[in-house]
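Trainee:
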Amino acid sequence: MYFRHSSDIWSAFPELAAGVLYVEGIHPDVSAADYVTQFEAAAKARLTDAAESDLPEIQAWRRGFSRMGLKPTQYRSASEALLRRFRKEGTLPRIHPLIDLCNAASLAYAVPIAVFDLDKVAGHLEVRRAAGSEIYVTFAGETEHPEPQEVIFADQEGRAHARRWTNRQSGHSAVREETERVLIVAEGLHAGAASDVERLIDELGAAIRSVWSVNPRTAILERLAPRFDS
């Protein structure tokens with residue numbers, strides 16, 4: 000499989016910084032608690048001095064959503080939604096060690112992180128504009144169709160694995176107990192995103208190596224090198 004952003008996305012969002020991790024050997028019988036605690040502590044420190052809406056990473060995604068024609072207080076990036084919940088509740092629900100780890104890293108960096116079970120993805124995965132015919136399955140099992148021109152994560156068979164770019168993932172390719180092979184994608188639009196995303200990918204990769212005793216493959220994508228091949 001391969002992953003990429005379409006040339007249209009790079010043209011519309013030249014400030015995009017994206018990093019990926021390809022991981023095999025994932026399973027739920029581990030503890031990532033120490034790393035989750037470290038990332039959450041970093042997030043708490045940031046939220047002590049500012050609300051999530053004041054963070055430059057979140058402000059950049061809000062501007063990005065506005066450029067996509069979306070009301071940013073109605074449709075939020077995944078990182079903003081996580082930070083809002085974390086600020087209000089002081090914690091996040093525990094789902095799966097890998098999801099808990101990625102959610103905590105997203106909190107610490109205020110950068111949206113998507114995690115896809117690759118056994119549920121047909122062929123390649125691309126961030127592109129929707130035709131409107133793609134199929135999206137919610138976590139409740141309901142079927143939707145993205146709006147034409149909406150930014151989605153789409154596979155080779157026209158299944159949408161995320162809607163409104165970083166707003167909402169699909170339940171179809173969500174990580175579950177049986178998941179073994181995943182693609183993790185982190186994306187930033189803020190000034191300094193390139194170095195922040197690279198650091199995030201490095202930290203997350205180190206944590207995954209330690210917890211699962213595997214060796215993730217990583218890449219930083221850019222307009223002139225937009226594709227990752229597994």
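Everything in the sequence shown is counted per numbering that gives the first Met the number 0, starting at 0 for the first residue and increasing by one.
Note that the Cβ used here is the ideal one computed from N, Cα and C, for glycine as well.
1) Which of the three DSSP states is assigned to E51 in this structure?
2) For A121, I'd like the list of residues in its chain whose CB is within less than 8 angstroms of its CB, leaving aside the five on either flank, ordered along the chain.
3) Would you mind stating whether I25 and W211 have Cβ atoms separated by less than 8 angstroms?
4) Could you compute how far the alpha carbon of P225 sits from the alpha carbon of H4?
5) Relative to the C-alpha of L54, which candidate in Q73, T36, N102, A107 has its C-alpha closest?
6) I need the straight-line Cα distance from G187 to D28, nearest angstrom please.
7) According to DSSP, is I25 part of a helix, a strand, or is it coil?
8) Mapping DSSP to helix, strand and coil, what is T72?
9) Between which residues of its own chain and S169 is the CB-CB distance below 6 angstroms, once the five residues before and five after are set aside?
10) Between H171, T47, R198, which has its C-alpha nearest E143's C-alpha?
11) Take A44 as the anchor and find which of W60, F85, P147, S65 has the nearest alpha-carbon.
12) In the structure shown, what three-state DSSP assignment does A153 receive?
Mentor: Reading off the structure:
1) DSSP places E51 in helix when its eight states are reduced to three.
2) Within the same chain, Cβ atoms closer than 8 angstroms to the Cβ of A121 are found at D154, Q155, E156, R158, the five residues on either side in sequence being excluded.
3) Closer than 8 angstroms, so yes.
4) If you draw a straight line from the Cα of P225 to the Cα of H4, it is about 6 angstroms long.
5) Closest by alpha carbon: A107.
6) Cα to Cα, the separation comes out at about 31 angstroms.
7) Residue state for I25 is assigned as coil, using DSSP reduced to three classes.
8) Coil, per DSSP.
9) Y135, V136, H160.
10) Residue H171 is the option with its Cα nearest to E143.
11) Among W60, F85, P147, S65, the Cα nearest to that of A44 belongs to F85.
12) Three-state result, A153: strand.
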